[in-house]
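Here's the structure, in structure tokens; my notes come after.
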Amino acid sequence: MKLGHGQLGRRILLSVSSALLALSFAPTASAQDAGGEEKKDVSASEDAAKKEEDKWFAVINADVYPGTGGHFRDGTILAKNGKIEQIGVEVDLPEGTTVLDAGGLRVYPGLVAYASSGLFGASSSDFADTVNTFSPNLVMALGNGITTAGQSGAALKLKRGEIEGVLMKEKATTLLNFSAQNPQGRRSLLEKFDASARYLRDYRAWEEQKKSDKDAKEPSKKDSDATIVQVLRGDVRARFQADDREELLGVARLAQKYGFRPVIEGCREGWTVAEELGRAGAYAVVTPRDRTDKSEELVAAGGTSIENAAILRRHGVQVAIVPSSKGVDLGGIAGRDILALTVEAGFGVRGGLTNEAALEAITVVPARLLGVEHRVGTIEVGKDCDLLVCDGDLMHYETFVQQAVVDGKVVYEKNKELFYAHIRPNIDSVLAPETRVDKGQEGAAKPAEGEAKDKEEKKDEKGPDQGDKKDDKKD
Amino acid sequence: MKLRNLLSSCVALALSSLATAGDLVAIKAGHVETVSHGCIQHAVILVEDGKIVTVGKDLPIERGIPIIEAPDLWIVPGFVDPYSRVGLDARGGSEFNPQIRAEAELFPRNEEFEETLETGVTTLGLYPPGSGGMPGQACAIRPVGATAQEMLIKSGSYLLFVFRSDARSKKMLKDAFEKADEYVEKEKKAREKWDKDQSKKKDDKKDEKKEEKKEEKKEGTAADFQDEVAQDKKDEKAEKTDAAKGYVPPEADEKIKPFLDLRANKLRMLVTLFGAADWLHFSQALGKEKIGYDLRIALTRDIDVYEVAKQIGEKKLRVVMEPEITTMAGTLRQRNLPAEFVAAGAKLVLLPRGDSPTALKNWPRNVGEIIAAGLDRDVALRAMTLEPAEMLGIAERVGSVDKDKDANLLFFNGDPFEPSSKLIAVMFEGRIVHGEVQQ
């Protein structure tokens, strides 16, 4: 792979890691100096001995927003075989590392769409045997930063052009109906919960009893519901669709009574009962731009609020954000389909959510809800190397995903795909001004090795006009 | 139409009588596209008993041999359409029927075959009907003959597998090979048992007399003893017949046999794919199984198989597709997939756009459009002749202008891929069956 187009960062290869990188990329790799070099060779040969086919990938010179709070500059993220191995400022890169230079660009964790439809081809179940990972919808979703998506209760990785490893978790959530509009269903669900809770209690008692009395009889599973048992054990998350205040309170009470943490989709009036929901340990899946009027019959506060996400969050409810449409459709023009995930999160920020919380609402929280938090949602050592290289704040409407990385592989490059390549093709124009000054000064003070060569390459790629322009800026 | 048929058959009759007079005919032609070894100018082809005897440049012709003079004509080998339903009308579902053979449907003397021949298609691969699953095995035929047996060149040319990305298709493939494994296991056991019996019997023979005496002394009921003796006698008898016959492996299920043949390279598989993802799922389902297979990729408007062209090309697989320009999914950007697959390293078979006489007639012209869009001309010609012949496993007989091959030759009045060119005459196994040529 060629170096990415973080041209500014490339000019000043200052840090140890990037210097090493330049060496490993130079065609005459043997004619090289210095101590760091030896070290690298030793570690590289050791690794080679261990396992020859280790695949190394690194993003360098990035402003890293790991999604765990805070951020740092000039960071390197090194991945081995698709898993993040090391994150830091000065990281030695093993020989043969595929490098993506994100100089002047921000790096975020890949986004997690809590619910989606139509990204993986026509089928909505049996993903392992049917997924179409060449679908244009999938590529567009990658182009808008989504690297993991929930669909029909399963968690799927957007592995473009591959079918192994797409299905991350087959049954992550189960939809339960506890609506007041369906009293019969409500009653039967309550009965199921009762029976299942009783079964679990008896089962635990039996486990204790078994220690002393070997002939103790195992409790019968009769009446208990397998799915509810899974929910109560915490293996599968129960999700409810509830918007009205009363319904929300109903779910909260149910959850508190049986001791599980419900996922509430919709949750439009959640802000009116945020405290109760927080106490019940609920998760909310909200759409900040949802609009419903308050019911005229009610005295209490009601209807939607732009502050919904922020208020819920303040009361301890973990919030995931989804756009109003799950699919990729014409709604995309109006920015309300799945591709508008970051825009929707931006509206959460507008309603008072912090930037960090909004980022979590489209990364780690949905990952948690889908049961894949241990693999995706943040940039942390040991997790999957799913990254986005962006030309600005992720939630800014102007920002584009320049590169999307899934499992340590660049699967999307804006400039090479049909969808957005023509919009603001020159990324220098959208870099933050202070970054430009910083890099320029450093570059002017101490031109890095191989600078001239880089510049030449760039001229070839982008044409003489732009090269000249850059020189002007530098001067 | 009928009049023309009549006329042409009259001509054919006249010519064939001419040809059979000495059973020998020479053709002098301006250009001969041999396919196997390039184009020969001023070529002479000598045909005897329907086979090509020699091909060469400016060869001397013995006096007395009738000569077909075609100094301005281009001669190419008869076209081979390896994926056709011409003359067949059965319908199929999507079951697992690998044992069915397409020739069972064959109805000789069907007018369609004659029409096919007139368009220059001198060999057909007929496939069994089916919209999914494994509908059966295709056969290679000549479109001439009074009986099905006469028409048949090769039975079991390829096993058709209409693959779709779903659990059913994948399971079908895996199960079939698992059952083949079971059979192999069973066969192995049967063989071991046979070997054991064989050696045991040898030992038995040596000790036979001693043992019989011992057994008499042994305690036991008379009935037991008698049984044993009877058993011994039976064994002896069985041994004799076995030894005469040698080892006979147990019979394999008719639905499993094709898969044993696939593994033994006696049969190929033709896998129909509908998109790039199908290729991934098929590869996954096939796993490490080593069989010979070709890919049938029906070029629909928005097909995305270019995504896997590289993977398929690297494996040097053969792709079977129509001469069509497709567009990139969701756009109006055009792609020449036949050319792309060839560039990636795949072998190419081009099909006519349909089975109707019109589609067959337009076949060279359609291929010409793909050549105009960038496909190599020689590859294109090969994709209509020798490559499909190889795919059907009958390349030793048809597909190129070579010694010992059937004299299936097409006479064009120009480059066959030029729109202005016309098919002047068709020679089928040494006889002119359509059109006229100068004698």
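Chains as they are written, first to last, in our numbering: chain X, 362 to 836; chain W, 623 to 1061. C-beta: ideal position from N, C-alpha, C; glycine also.
Give the single residue among the options whose Cα lies nearest to the Cα of residue i.
i, options, result
"W/L882", "W/F783, W/K801, W/I775", "W/K801"
"W/P765", "W/L781, W/T744, W/D671", "W/T744"
"X/R559", "X/D586, X/N543, X/K575, X/N422", "X/D586"
"X/R736", "X/D698, X/G526, X/G504", "X/G526"
"X/W632", "X/A616, X/A641, X/R675", "X/R675"
"W/P704", "W/L895, W/F799, W/K792, W/D916", "W/D916"
"W/E734", "W/I722, W/V708, W/R723, W/M756", "W/V708"
"W/L695", "W/D680, W/G652, W/I683", "W/G652"
"X/T653", "X/E579, X/E630, X/G712, X/N543", "X/E630"
"W/L681", "W/G672, W/I662, W/P699, W/I697", "W/I662"
"X/F708", "X/V742, X/T760, X/D651, X/L610", "X/D651"
"W/R786", "W/A770, W/L902, W/R890, W/A886", "W/L902"
"X/F481", "X/E523, X/D555, X/H783", "X/E523"
Where do the N-terminal and C-terminal ends of the alpha helix (DSSP H) with residue i fall, by residue?
i, result
"X/P727", "725–730"
"X/F554", "544–573"
"W/R1004", "999–1004"
"X/Y781", "It is not in any alpha helix (DSSP H) - X/Y781 carries neither H nor E in the DSSP assignment."
"W/I925", "Where W/I925 is concerned, there is no enclosing alpha helix (DSSP H), given that its DSSP letter is neither H nor E."
"X/D745", "Where X/D745 is concerned, there is no enclosing alpha helix (DSSP H), given that its DSSP letter is neither H nor E."
"W/G935", "931–936"
"W/Q1061", "From DSSP, W/Q1061 is part of no alpha helix (DSSP H); its letter is neither H nor E."
"X/G504", "497–504"
"W/H1013", "At residue 1013 of chain W the sequence reads Met, which differs from the His that was named. First-last of the alpha helix (DSSP H) with W/M1013: 1008–1014."
"W/L884", "879–885"
"X/I625", "Counting along the chain, X/I625 falls outside any alpha helix (DSSP H), though it belongs to the beta strand (DSSP E) covering 624–627."
"X/R614", "606–619"
"X/A510", "Segment 507–512 is the beta strand (DSSP E) holding X/A510; no alpha helix (DSSP H) there."
"W/A651", "Not the alpha helix (DSSP H): W/A651 falls in the beta strand (DSSP E), residues 646–655."
I think residue i touches residue j, with their Cβ atoms under 8 Å apart; what is that distance to the nearest whole Å?
i, j, result
"X/A765", "X/G506", "7 Å"
"W/V702", "W/A1011", "5 Å"
"W/P720", "W/G758", "6 Å"
"W/V893", "W/F783", "5 Å"
"X/F495", "X/T458", "No, X/F495 and X/T458 are not in contact; Cβ-Cβ is about 28 Å, not under 8 Å."
"X/V689", "X/I682", "About 17 Å separates the two Cβ atoms, so there is no contact after all."
"W/A692", "W/V1059", "6 Å"
"X/A463", "X/A423", "4 Å"
"W/G747", "W/A762", "5 Å"
"W/I649", "W/V666", "7 Å"
"X/G738", "X/G443", "16 Å between Cβ atoms; not a contact."
"W/V1020", "W/G742", "Contact flag wrong, Cβ pair sits at about 13 Å."
"W/R975", "W/A981", "5 Å"
Residue i lies in the beta strand (DSSP E); which residues open and close that run?
i, result
"X/Y773", "770–774"
"X/Q591", "Note, X/Q591: premise wrong, no beta strand (DSSP E); alpha helix (DSSP H) at 587–594."
"W/K776", "774–776"
"W/R1053", "1053–1057"
"X/F488", "Note, X/F488: premise wrong, no beta strand (DSSP E); alpha helix (DSSP H) at 488–491."
The ligand GDP and residue i: does any heavy atom of the ligand fall closer than 7 Å to the residue's C-beta?
i, result
"X/V492", "This structure simply doesn't include the ligand GDP, nor any ligand for that matter."
Could you tell me which uninterrupted alpha helix (DSSP H) segments, each at least 4 residues in length, are contained entirely in the segment 415–460 of chain X, listed from first to last along the chain? Listed in chain order, there is nothing to give.
Indicate whether the contact test is met: 3 or more Cβ pairs, each with one atom in the segment 468–482 of chain X and one in the segment 746–761 of chain X, closer than 8 Å. Touching, yes.
Within 8 Å, do at least three Cβ pairs link the segment 473–491 of chain X to the segment 752–761 of chain W? By the Cβ test, the segment 752–761 of chain W is not in contact with the segment 473–491 of chain X, since fewer than three Cβ pairs between them sit closer than 8 Å.
Three or more beta-carbon pairs under 8 Å between the segment 706–715 of chain W and the segment 1019–1034 of chain W, yes or no? No, they do not touch.
Spell out a yes or no on whether the segment 727–742 of chain W and the segment 681–692 of chain W are touching, meaning 3 or more CB-CB pairs, one atom from each, closer than 8 Å. Here the segment 727–742 of chain W does not lie against the segment 681–692 of chain W, with fewer than 3 beta-carbon pairs under 8 Å apart.
The segment 619–626 of chain X contacting the segment 587–605 of chain X, beta-carbon criterion three pairs below 8 Å: Yes: at least three Cβ pairs fall under 8 Å.
For the segment 898–910 of chain W against the segment 872–880 of chain W, are there 3 or more C-beta pairs whose distance is under 8 Å? Output reads no: the segment 872–880 of chain W does not touch the segment 898–910 of chain W.
Can you confirm whether the segment 956–975 of chain W touches the segment 927–944 of chain W when touching is taken to mean that 3 or more C-beta pairs between the two stretches lie within less than 8 Å? Yes: at least three Cβ pairs fall under 8 Å.
The segment 812–822 of chain W contacting the segment 1045–1053 of chain W, beta-carbon criterion three pairs below 8 Å: No contact exists between the segment 812–822 of chain W and the segment 1045–1053 of chain W.
Three CB pairs or more closer than 8 Å across the segment 672–689 of chain X and the segment 632–644 of chain X: Flag = yes, the segment 672–689 of chain X and the segment 632–644 of chain X touch.
Specify whether the segment 948–963 of chain W and the segment 978–996 of chain W touch according to this definition: at least 3 beta carbon pairs, one from each stretch, less than 8 Å apart. Here the segment 948–963 of chain W lies against the segment 978–996 of chain W, with 3 or more beta-carbon pairs under 8 Å apart.
Any chance you could list the beta strand (DSSP E) runs of at least 3 consecutive residues sitting entirely within the segment 666–723 of chain X, in chain order? Runs found: 679–682.
Give, in chain order, every unbroken run of the beta strand (DSSP E) that is at least 3 residues long and sits entirely within the segment 693–765 of chain W. If we require 3 residues or more, the beta strand (DSSP E) runs fully inside the segment 693–765 of chain W come out as 701–706, 743–748, 755–759, 761–763.
Please go through the segment 887–972 of chain W and give each complete alpha helix (DSSP H) segment of 4 or more residues, from N-terminal end onward. Segments of the alpha helix (DSSP H) lying fully in the segment 887–972 of chain W: 898–908, 931–936, 959–966.
Three or more C-beta pairs under 8 Å: does that hold for the segment 714–733 of chain X against the segment 523–537 of chain X? By the criterion of at least three beta-carbon pairs nearer than 8 Å, the segment 714–733 of chain X is in contact with the segment 523–537 of chain X.
Any contact of the segment 711–719 of chain X with the segment 654–669 of chain X, i.e. 3+ C-beta pairs under 8 Å? Output reads yes: the segment 654–669 of chain X touches the segment 711–719 of chain X.
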